[in-house]
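Numbering (this note's numbering), first residue to last: 32 to 909.
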């Protein structure tokens, strides 16, 4: 094994975007003056006056020549960035790198519903005269524009965006006034990703709504608005769902109502009873005058929620599963198939009820994180103890935690001694001893002793709150496998809709075939056309896997990183603080002559007590239990060591060169020194000007689980494991040999580590870089996936890494790889199963083997099955 230092070179990276769907726009009437676009419009109507010309997108946009078009739209306040860097951190500021006339502004973009749309908007905006740089962040629905203020203004950029069918609003710089507020709602009843997308569009189209984002996986909707909250709640209710506004810092626990108290469940039960009664009466040959009213009642009661939601969707020209089912029920009734229509309505309602239940189970895995921290705590203020809600507890308050209680706030232990179970944060299975000066986290459990904790963070900024927020954001991001789903759904649904219309009409119009049977086949295809199972196949798996990892002390920032981990071929570790503890400790004490180990260590510590060198601190730490003689006249010898007078004699502690300068013979000690140095240890000699008293070896020791972690990575199929370090080759070789690594790279500067990662990427295709998340940030960013470890309590590391290990446990790496592979396997199973079911039923429909109720059963059944299959990832991965 040898040290390989790669050449210092850089390599660019490129990304791609898969088209999904074309952007849609809703035209609204112009404002009362006839020339000003309305604030809430998704697209701008043609002006009715000649004072506000619409400029071509590739031409300079002139400012309005009249004073009747003020920009009166409410401006959204800047949302707190979850992650550092990128377009989301800039709002409206001068770019210091370019001329003073250049400004960088960030806008929220409402209605941006696909990655392809974002790419098209970016290309279109880049053609504007005066624009020097454009970036559209599809995940956050934000537009970042760098432009020349002498040629372009924010209002003109907003107007240009409206020409693409979206609404842009400038995010003001810090301290700017803002009229819009941000509200977060918990939405119940969302049972498919397509429904969530439709609800998002409906709410975003409301007057007074700047932007709306629905996170299907967490059941939450974030709205920036000037409109009343009641208007938003009413719009959600009209869409067939229930919304509840979450107040800032709200910690009210989830109330899981009994399943039978849900209105949709009640309607499903009643519809099922009526349908069952009608079916029995039909078997008994009752007349249609009795049967038809019963079937109609079953259809109306079972299909009311779907019909209501579907009709509201029709108003915004969105055709979701609710609308298709409503058409199927009405169509069946129109051709006299009353029992079919009632059965379709009941099965669809029943399937939605089951799917809602299973998705809520998945969402609970993340909601339960926040409920780990108690809603109140015992606080001592001015000598008075009182229980306060965590929202009222401030930084600097003293919180008292009794044995067995959960810790409510992040803080530092001021007094007390106890063991704390930190599994909720770090995933560590064993409690950790805590004493004065140690950090503790909200949501962890105090074991046997009482603790007094000084609060260092408010509840909303606790480590637990940040983890939950980052997990929710990660779940909202689309994984690469969803690109295939989006492309498939883009062509599949319209194709089936057109085919269904053709089957309904063409045989009757062109071939003189009877209308009813072909119309019925068309209805069956309409039911099959909704790709609910396909749409939900990936998100439910990603949600479950990320929830699983968060409970095991691993924070994965998104489905993309989760999927990539399973295909990683090479992994690179930083040495200091990753494979090793990152601090030197005394490993050997070798006295010479009559001096014993304790005397030698005590003598060295007496001298090094006054030094701040890391090696000196290691000696002092080792000797903290030993008596130390007083030392005077301390002097640091730069590059050599230190000296001080102890018991009337000058004692020296330093390297080989120091004692060579003193004129002492070291030949008999060189063999021992070389042996220790070849093990990667630093050797210090202790003695006087006339004799050497002994040798002390100091080293940065390996973590206890480093060997096991490397072995588990081998078992997981990792092809290449390397170590990157700034240490010399002798130290690097010793550690690499000890851990059985494939190779090591020594004497590396930060830029050399980046070049090494890029070199490994070229050789193996994909590379994971594991570091501390702070000092190794450039190398982490250069890797396909950057993993930071031991980041509990470190905001910087949480923001830097793609995957964060909350504790210093390298063994979690093999766990993440296995979780990734199982996730990808389940996603492939779900996608394959969903497509196979669709293809089979489309083929069978042409041969007349599929009834309406069977099509509904297949569609809802496949959705439920892929959901349940994805939920398997919530279980422990073996």
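Think of the CB as a built atom: it goes at the ideal place given N, C-alpha and C, for glycine as much as any other residue.
For the candidate residues 380, 478, 581 and 745, whose alpha-carbon lies nearest to that of residue 500? Position 469 of the chain shown, counted from the first residue, corresponds to residue 500. Answer by Cα proximity: 581.
Residue 697 - DSSP class collapsed to helix/strand/coil | For this step, residue 697 is matched to residue 666 along the chain shown. In the structure shown, residue 697 sits in coil (DSSP, three-state: anything other than H, G, I, E or B).
Review point. What do you reckon, are the CB atoms on residue 818 and residue 800 nearer than 9 angstroms?
Key: Here residue 818 refers to the residue found at position 787 when the chain shown is read from its first residue. Here residue 800 refers to the residue found at position 769 when the chain shown is read from its first residue. Yes, the pair counts as a contact, with Cβ atoms nearer than the cut-off.
Alpha carbon of residue 262 to alpha carbon of residue 188, nearest angstrom: Position 231 of the chain shown, counted from the first residue, corresponds to residue 262. Position 157 of the chain shown, counted from the first residue, corresponds to residue 188. Taking the straight line joining both Cα atoms gives about 29 angstroms.
Best match in 363, 295, 294 and 300 for proximity to residue 323 [C-alpha to C-alpha]:
Counted from its first residue, the chain shown places residue 323 at position 292. Ranking the options by Cα distance to residue 323, first place goes to 363.
Checklist entry - When the Cα atoms are used, what is the spatial distance from residue 873 to residue 526? => result Position 842 of the chain shown, counted from the start, is the residue given in the question as residue 873. Position 495 of the chain shown, counted from the start, is the residue given in the question as residue 526. Taking the straight line joining both Cα atoms gives about 12 angstroms.
On the premise that residue 450 lies in contact with residue 462, defined as a C-beta separation below 8 angstroms, what is that separation, rounded to the nearest angstrom?
The residue labelled residue 462 in the question sits at position 431 within the chain shown. The residue labelled residue 450 in the question sits at position 419 within the chain shown. Yes, they are in contact, since the Cβ atoms of residue 462 and residue 450 sit about 4 angstroms apart, within 8 angstroms.
request  = Quick one: give me the first and last residue of the alpha helix (DSSP H) that residue 136 is part of.
outcome  = Along the chain shown, read from residue 1 onward, the residue named residue 136 stands at position 105. From DSSP, residue 136 is part of no alpha helix (DSSP H) but of the beta strand (DSSP E) over 133-141.
Is the separation between the beta-carbon of residue 307 and that of residue 333 shorter than 9 angstroms?
As a first step, residue 307 is located in the chain shown; it is residue number 276 there, counting from the start. As a first step, residue 333 is located in the chain shown; it is residue number 302 there, counting from the start. At a Cβ-Cβ threshold of 9 angstroms, residue 307 and residue 333 do not count as neighbours.
Check: What are the complete beta strand (DSSP E) segments, minimum 3 residues, inside the region 600-687?
Finding: 601-605, 611-622, 662-668, 672-677 and 680-685
Between residue 305 and residue 337, is the Cβ-Cβ spacing less than 9 angstroms?
Numbered from its first residue, the chain shown carries residue 305 at position 274. Numbered from its first residue, the chain shown carries residue 337 at position 306. No, these two residues do not count as a Cβ contact at 9 angstroms.
Quiz item: Where does residue 615 land, buried or exposed, given buried means 16+ other C-beta within 10 angstroms?
Solution: Your numbering for residue 615 matches position 584 in the chain shown. Per the 10 Å Cβ criterion, buried.
Inset, instruction - Determine the direct distance from the alpha carbon of residue 789 to that of residue 812, and round the result to whole angstroms. - result: The residue labelled residue 812 in the question sits at position 781 within the chain shown. The residue labelled residue 789 in the question sits at position 758 within the chain shown. Going by the C-alpha atoms only, they are around 11 angstroms apart.
- Task: Could you please give me the residues that DSSP links to residue 173 through a beta bridge?
- Result: The residue you call residue 173 lines up with position 142 of the chain shown. DSSP, once it has assigned bridges, lists 139 and 168 as partnering residue 173.
Bridge partners of residue 443, per DSSP? Translated into positions along the chain shown, residue 443 becomes position 412. 470 and 485.
Check your understanding: Going by beta carbon distance, what residues of the same chain come within less than 6 angstroms of residue 694, once the five residues before and after it are set aside?
Key -> Within the chain shown, the letter at position 663 stands for residue 694. Once the five neighbours on either side are set aside, residue 694 has no close Cβ partner at all.
**Q.** Strand pairing of residue 453, partner residues [DSSP]
**A.** Here residue 453 refers to the residue found at position 422 of the chain shown. BP columns for residue 453 are empty, so no partner.
Spell out a yes or no on whether the region 850-869 and the region 542-554 are touching, meaning 3 or more CB-CB pairs, one atom from each, closer than 8 angstroms.
no
### Alpha-carbon spacing of residue 897 relative to residue 730, whole angstroms
As a working note, residue 897 is residue 866 in the chain shown. As a working note, residue 730 is residue 699 in the chain shown. Each residue's Cα considered, the two are about 53 angstroms apart.
Assuming residue 844 and residue 744 form a contact by the criterion Cβ under 8 angstroms, report the distance between their Cβ atoms to the nearest whole angstrom.
Taking the first residue of the chain shown as position 1, residue 844 is located at position 813. Taking the first residue of the chain shown as position 1, residue 744 is located at position 713. So it is a contact: roughly 6 angstroms between Cβ atoms.
Other residues of its chain near residue 641: CB distance less than 6 angstroms, five sequence neighbours each side excluded: Taking the first residue of the chain shown as 1, we reach residue 641 at position 610. Only 665 meet the Cβ criterion.
- Buried versus exposed, by CB contacts within 10 Å (16 or more), residue 824: As a position in the chain shown, residue 824 is number 793, starting the count at 1. Residue confidence is low: residue 824 scores 48 on pLDDT, short of 50, so the model does not pin down where it sits. Its coordinate-derived value is still stated next. It is buried - the Cβ of residue 824 has at least 16 other Cβ atoms within 10 Å.
Practice item. Count the other C-beta atoms from every protein chain shown that fall within 10 angstroms of the C-beta of residue 446, then say buried if there are 16 or more, exposed otherwise. Key: For this step, residue 446 is matched to residue 415 along the chain shown. Its Cβ having fewer than 16 others within 10 Å, residue 446 is exposed.
Exercise for the section: Would you decide whether residue 492 is buried or exposed? Buried here means 16 or more other CB atoms lie within 10 Å of its CB. Expected result: Position 461 of the chain shown, counting from 1, holds the residue named residue 492. Flag for residue 492 reads exposed.
Query raised in the report: DSSP three-state call for residue 550: helix, strand or coil?
Result: For the purposes of this step, residue 550 is taken as residue 519 along the chain shown, with counting starting at 1. Three-state DSSP puts residue 550 in a helix.
Measuring only the C-alpha atoms, how far is residue 554 from residue 321?
Taking the chain shown and counting its residues from 1, one reaches residue 554 at position 523. Taking the chain shown and counting its residues from 1, one reaches residue 321 at position 290. C-alpha separation (whole angstroms): 26 angstroms.
### Task
Count the other C-beta atoms from every protein chain shown that fall within 10 angstroms of the C-beta of residue 639, then say buried if there are 16 or more, exposed otherwise.
What you label residue 639 is simply residue 608 of the chain shown in a count that begins at 1. By the 10 Å Cβ count, residue 639 comes out buried.
Expected contact under 8 angstroms - CB spacing of residue 816 and residue 674 to nearest Å: If you number the chain shown from 1, residue 816 lands on position 785. If you number the chain shown from 1, residue 674 lands on position 643. About 49 angstroms; that fails the 8 angstroms criterion.
> What is the residue span of the alpha helix (DSSP H) that residue 594 lies within?
Replying inline: Working through the chain shown from its first residue, we reach residue 594 at position 563. Taken as a continuous stretch (DSSP letters only), the alpha helix (DSSP H) holding residue 594 covers 590-596.
What does DSSP give as the partner residue(s) for residue 781 in the beta ladder? Looking up residue 781 in the chain shown gives position 750. Paired residues: none, contrary to the question.
* May I ask you to verify whether the region 571-585 touches the region 678-691, counting CB pairs closer than 8 angstroms and requiring at least 3? => Two segments are said to touch when three or more pairs of C-beta atoms, one from each, lie closer than 8 angstroms; by this definition the region 571-585 does not touch the region 678-691.
CB residue 199 to CB residue 141, shorter than 9 angstroms?
As a position in the chain shown, residue 199 is number 168, starting the count at 1. As a position in the chain shown, residue 141 is number 110, starting the count at 1. Closer than 9 angstroms, so yes.
### Query
Taking the C-alpha atoms as reference points, what is the distance between residue 496 and residue 254?
Reading the chain shown from its first residue, position 465 is the one you call residue 496. Reading the chain shown from its first residue, position 223 is the one you call residue 254. If I take the Cα positions, the gap works out to 20 angstroms.
Separation of residue 216 from residue 277, as counted between CA atoms
As a working mapping, residue 277 is identified with position 246 in the chain shown. As a working mapping, residue 216 is identified with position 185 in the chain shown. Each residue's Cα considered, the two are about 5 angstroms apart.
Inter-residue spacing [alpha-carbon to alpha-carbon] between residue 895 and residue 712: Counting from one through the chain shown, the residue named residue 895 turns up at place 864. Counting from one through the chain shown, the residue named residue 712 turns up at place 681. Each residue's Cα considered, the two are about 59 angstroms apart.
Going by DSSP, what residue range makes up the beta strand (DSSP E) through residue 710? Position 679 of the chain shown, counting from 1, holds the residue named residue 710. Taken as a continuous stretch (DSSP letters only), residue 710 belongs to no beta strand (DSSP E), as it is neither H nor E.
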